[in-house]
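A short worksheet on the structure shown next.
Protein chains in written order, with the working numbering: chain A, 1 to 496; chain B, 497 to 986.
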């Protein structure tokens, strides 16, 4: 759908937060006005993204091509179901996170807040750009902007530890970026196009060696950002950043951009059918299955709450990667839904961790005895999200996991069904002791703090409520199931 | 009138060089003004000429109306139009930078300064336009002579490094002249088009092969292509900032242009790439240079010296594109000439501006400058990202064409080198970005309270930074209109 009013919607969705960056810097000395800009941009972005939902569900895809980046490859945006899921996730959570950030940053008296909010807004522009890119080169452009724009957030505290984490972050992600670039250039060489097309763009003449090289380049390139083991270790280190940034990294933008890249590479460039034909899916499933189990086991060993959440993220991202590698409609539906559901649930957990840090100044799980009695609402929300990640109905995690397991069974891959079910137990194993500790143990004498401040508590409750709602009624508001199912059907096509 | 454009550009620059020299005796300020006007004139002529070439094809001018191939000829085609835009455009912005921080020179000593700069630009434009091999030599020597003078006004060991450059560049020039001699004895002509026509019958002649080898070696020396780069780090780091920018941005690039011109319009790709392994040798030397230049840059603590080593690596990108000798590779090489001119000029001007304002030259003292000089450091960040090759800056797109060119040639080693170099560049530029935006106070005592650069220093810096982004966005326009006609013959 080119050349209609709708064409400009994706562009507006990308640009609104980039324009906000200018105003955030301009109003740097007037915090209230500056935060108003962030909130307005976040609300505007959500509204614009949401307004495209009905059109896309109708099977019409708003698209716009601005100018050429390389001969035959334009800077082009196109909104389809998969992209819309990612964009809805990012823009909805940005709005929630914005409220929370204001509470967090002011509550913990952070410095350099203008730089923080400006970088945050730029990250969101890049994320929406990634979601709506119509070809690999446009995708790469936004992908690298995201890498660079997140760097000031990771190093926000400016301490030697933060700078070290920043260095590690850059080394990992720029390495992933160049490997990805090699994959993109080679795709252009092999296929002569970089456009995304459901089912892939590989010509019939493509050989096994070419395809294997491309597949490895994409898998490793995106593997860095989606923290697939053994390429994950930047993510726990980056936990040194302020909690809203961790939320952005884990739930909203960065790692999800990596996973979304795999969605595009596997489903829209290489094509599941082509990959299955050459039997290349196995390696991806094995890596993802290994990561699911190993990350869960490592999560047990973390006493720092945010570090435990980080390892949990690594495991859950590989749920998604595993779902994509199954090449079945149910697996893809589950994977796409899990992008959204995991985001909502994980952000709830990070918000809780941040609220505990700002309110009670605690970071370690061993210190959390009785915290639930002081902060009942916060820990109540924590419990809901933890149940969801363990896959307990009726929280959102159950729905996506259901489809993932169904996806494994579609092709009789029982091993991976076992991996998923086992991982549910692990999740319960590393989350429930926290809940137990919080509610059933006696609080320490020194623990006098009360509930988190309202600007943080409301976002926590909204996110937890959303996880519940999406679990009970997955088509609530965002038509998550419809979008995921329709995208999966187009991509998987003949394979069934 | 329009047929005189090719000749008017270098001649006007050289004429104004004379005029500026006389004015400089009276007042240095006036001579800068005249130099800026002269380069603005040259730039407008270059733009005009470019549009003429785009619409009506190439222009040529014969001196004294002597018919070709006997007479001296200037040719303005897409390739030379592109180079003229880079040379005069970059030169114009560089000349706007104030004299004292730019050349680190007191007014009274600077009498012939702008005359020499205009002479350098005139020489470079002459190289871009020369239609015969001997004239090219003349202009090459004009640029080298003015470079000796300009480098020697720098600080520290500038005199010594200028002398070293003189020795090396003279050897390079002699090699080139020797090669031209061989070609002249074999073909009996110096006109490039004529040589190209006569050459196919002489492909196996030892004199022609020897001539080609001498010419390419000589020019590679002037281009500082690894391993012939040893004179560059000293010359570029001791030269005053604006001079260093001129050298890194347009002077060595003109030598790269000569090799491309030889490849396309004198010796033919058939001869240089397929009968002789000349381009292969250039390509592999460049691949080594990319890595070694970047590694050496990581080892430096002086900002300008780091930039100088970075130039060794970046000019090798151009060399790599030439080595590929396919349309995408040459497109990448040419685009990188433009991108590098803009980003390296920006960085050298920042080095000069910061040194002038605060006395800081060591990168460890850049700590905390981001808060004191937000605009300067924003421009620095944009150029640094372009050097690394992060989209959507100009540096990314040249790299993109080089990658495609490597794949087209089936050369995965070159692909790996370009990508590895991206990581190495990221190491030494992010190291600096990290320091600049770290919360610490500036460490040097004299730098305790530096403010933003004054507008006259800041303006050229910001113009370059904006151009780095603009060229990124319009790279396809440049490629489709100016560069694709150039590489058609490959």
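Even glycine gets a Cβ: it sits at the ideal position worked out from N, Cα and C.
CB residue 884/B to CB residue 907/B, shorter than 7 angstroms? Position 388 of the second chain, counted from the first residue, corresponds to residue 884/B. Position 411 of the second chain, counted from the first residue, corresponds to residue 907/B. In this structure, residue 884/B lies away from residue 907/B, with their beta-carbon atoms at least 7 angstroms apart.
Hey, quick one: how far does the alpha helix (DSSP H) through residue 960/B stretch, first residue to last? As a first step, residue 960/B is located in the second chain; it is residue number 464 there, counting from the start. Bounds of the alpha helix (DSSP H) holding residue 960/B are 951-969.
Could one say the Cβ of residue 972/B lies closer than 7 angstroms to chain A's Cβ atoms, at least one of them?
Here residue 972/B is taken as the residue at index 476 of the second chain, counted from 1. Contact with chain A is found for residue 972/B, since one of that chain's Cβ atoms lies less than 7 angstroms from the residue's Cβ.
| message | Just checking: is the beta-carbon of residue 170/A within a distance shorter than 7 angstroms of some beta-carbon in chain B? | response | Here residue 170/A refers to the residue found at position 170 when the first chain is read from its first residue. Against chain B, the CB of residue 170/A has a partner CB under 7 angstroms away; the residue lies at that interface.
Hey, how far is the Cα of residue 651/B from the Cα of residue 806/B? Residue mapping note: residue 651/B aligns to position 155 of the second chain, counting from 1. Residue mapping note: residue 806/B aligns to position 310 of the second chain, counting from 1. Going by the C-alpha atoms only, they are around 20 angstroms apart.
Task: Contact list for residue 859/B against chain A, beta-carbon separation under 9 angstroms - done: What you label residue 859/B is simply residue 363 of the second chain in a count that begins at 1. Within chain A, no C-beta atom comes less than 9 angstroms from the C-beta of residue 859/B; the nearest is roughly 15 angstroms away.
Let me make sure I understand the geometry here. Which of 735/B, 835/B and 933/B has the alpha-carbon closest to that of residue 653/B?
Sequence index remark: in the second chain, residue 653/B carries index 157 (1-based). Checked all of 735/B, 835/B and 933/B; the closest Cα to residue 653/B is 735/B.
Checklist line | Length of the line joining the Cα atoms of residue 367/A and residue 738/B | finding: Start at 1 with the first residue of the first chain, and residue 367/A comes out as number 367. Start at 1 with the first residue of the second chain, and residue 738/B comes out as number 242. In a straight line, the C-alpha of residue 367/A is about 60 angstroms away from that of residue 738/B.
Between the alpha carbons of residue 279/A and residue 202/A, how many angstroms are there, rounded? In the first chain, counting from the first residue as 1, residue 279/A sits at position 279. In the first chain, counting from the first residue as 1, residue 202/A sits at position 202. If I take the Cα positions, the gap works out to 15 angstroms.
Count the CB pairs spanning the region 793-802 of chain B and the region 851-866 of chain B that are closer than 8 angstroms, and state whether there are at least three. Verdict: yes, contact present.
>> So the candidates are 87/A, 138/A and 69/A; which of them puts its Cα closest to the Cα of residue 9/A?
In response: The sequence position of residue 9/A within the first chain is 9, counting from 1. Put simply, of 87/A, 138/A and 69/A the residue whose alpha carbon is nearest the alpha carbon of residue 9/A is 87/A.
TODO: Helix, strand or coil for residue 96/A, going by three-state DSSP, please let me know.
DONE: Numbered from its first residue, the first chain carries residue 96/A at position 96. Helix at residue 96/A.
Taking only runs of the alpha helix (DSSP H) that begin and end inside the region 764-839 of chain B, which ones reach a length of at least 4 residues, in chain order? Counting only runs of 4 or more, we get 774-794 and 799-820.
Can you find a C-beta in chain A that's less than 7 angstroms from the C-beta of residue 586/B? As a first step, residue 586/B is located in the second chain; it is residue number 90 there, counting from the start. No - not a single Cβ of chain A is within 7 angstroms of the one on residue 586/B.
Is residue 148/A close to chain B? Criterion is C-beta to C-beta, closer than 7 angstroms. Position 148 of the first chain, counting from 1, holds the residue named residue 148/A. Judged by the 7 angstroms Cβ criterion, residue 148/A is in contact with chain B.
Count the other CB atoms within 10 Å of the CB of residue 205/A; is the residue buried (16 or more) or exposed (fewer)? Taking the first residue of the first chain as 1, we reach residue 205/A at position 205. Exposed.
Test item: CB-CB of residue 64/A and residue 12/A under 7 angstroms: Working through the first chain from its first residue, we reach residue 64/A at position 64. Working through the first chain from its first residue, we reach residue 12/A at position 12. Contact: no.
key: With 16 other Cβ atoms within 10 Å as the buried cut-off, status of residue 636/B   = For the purposes of this step, residue 636/B is identified with residue 140 of the second chain, where counting begins at 1. Result: buried.
Check your understanding: What's the C-alpha gap between residue 306/A and residue 122/A?
Key -> Counted from its first residue, the first chain places residue 306/A at position 306. Counted from its first residue, the first chain places residue 122/A at position 122. Rounded to whole angstroms, residue 306/A to residue 122/A spans 24 angstroms at the Cα level.
Answer with yes or no whether the minimum CB distance from residue 68/A to chain B is below 7 angstroms.
On the first chain, position 68 is the one that residue 68/A refers to. Yes, residue 68/A counts as interfacial toward chain B.
**Report entry** Cβ-Cβ distance between residue 816/B and residue 900/B below 7 angstroms
**Finding:** To locate residue 816/B, count along the second chain from 1; it is residue 320. To locate residue 900/B, count along the second chain from 1; it is residue 404. Cβ atoms of residue 816/B and residue 900/B: not closer than 7 angstroms.
**Item:** Separation of residue 157/A from residue 242/A, as counted between CA atoms
**Value:** Taking the first chain and counting its residues from 1, one reaches residue 242/A at position 242. Taking the first chain and counting its residues from 1, one reaches residue 157/A at position 157. Taking the straight line from one Cα to the other gives about 8 angstroms.
- Message: Using a Cβ-Cβ distance cut-off of 7 angstroms, determine whether residue 787/B contacts chain A.
- Response: Walking along the second chain from the start, residue 787/B turns up at place 291. Answer no: the Cβ-Cβ gap between residue 787/B and chain A never drops below 7 angstroms.
- Message: Quick check on residue 299/A - is its C-beta less than 7 angstroms from some C-beta in chain B?
- Response: Position 299 of the first chain, counting from 1, holds the residue named residue 299/A. Closer than 7 angstroms: no.
**Prompt:** Hey, out of 389/A, 359/A and 466/A, whose CA is closest to residue 453/A's CA?
**Reply:** Reading the first chain from its first residue, position 453 is the one you call residue 453/A. With distances taken between Cα atoms, residue 453/A lies closest to 359/A.
Per-residue contacts from residue 178/A into chain B (C-beta, under 7 angstroms): Walking along the first chain from the start, residue 178/A turns up at place 178. Within chain B, 915, 918 and 919 have C-beta atoms less than 7 angstroms from the C-beta of residue 178/A, given in sequence order.
- Residues bridged to residue 78/A (per DSSP): The residue given as residue 78/A occupies position 78 in the first chain. Partner(s): 63/A.
(message) Could you compute how far the alpha carbon of residue 449/A sits from the alpha carbon of residue 249/A?
(response) On the first chain, residue 449/A is found 449 positions in, with the first residue counted as 1. On the first chain, residue 249/A is found 249 positions in, with the first residue counted as 1. Inter-residue distance for residue 449/A and residue 249/A is about 28 angstroms (C-alpha atoms, whole angstroms).
Select from the region 106-125 of chain A all residues with a C-beta closer than 9 angstroms to any C-beta belonging to chain B, and list them in chain order.
Residues of the region 106-125 of chain A whose Cβ lies closer than 9 angstroms to any Cβ of chain B, in chain order: 111, 112 and 115.
Can you name the residues that DSSP bridges to residue 557/B? If you number the second chain from 1, residue 557/B lands on position 61. Looking at the DSSP assignment, residue 557/B forms a beta bridge with 570/B.
Are the CB atoms of residue 198/A and residue 491/A nearer to each other than 7 angstroms? For the purposes of this step, residue 198/A is identified with residue 198 of the first chain, where counting begins at 1. For the purposes of this step, residue 491/A is identified with residue 491 of the first chain, where counting begins at 1. Their beta carbons are under 7 angstroms apart, which means residue 198/A touches residue 491/A by this criterion.
> Start and end of the alpha helix (DSSP H) containing residue 10/A?
Replying inline: The sequence position of residue 10/A within the first chain is 10, counting from 1. 8-26 is the span of the alpha helix (DSSP H), which, as asked, contains residue 10/A.
**Helix, strand or coil at residue 497/A according to DSSP, with G and I counted as helix** = The requested residue 497/A is not part of the displayed model; chain A covers only 1 to 496.
*Selection from 479/A, 170/A and 115/A that minimises the alpha carbon distance to residue 333/A*: Sequence index remark: in the first chain, residue 333/A carries index 333 (1-based). Nearest option by C-alpha distance: 479/A.
Next on the checklist: Does the CB of residue 141/A have a neighbour CB from chain B at under 7 angstroms?
Outcome noted: Locating residue 141/A in the first chain gives position 141, where the first residue counts as 1. It does: the Cβ of residue 141/A has a partner Cβ on chain B nearer than 7 angstroms.
To the nearest angstrom, report how far apart residue 501/B and residue 965/B are at their CA atoms. Within the second chain, numbered from 1, the residue matching residue 501/B stands at position 5. Within the second chain, numbered from 1, the residue matching residue 965/B stands at position 469. Cα to Cα, the separation comes out at about 30 angstroms.
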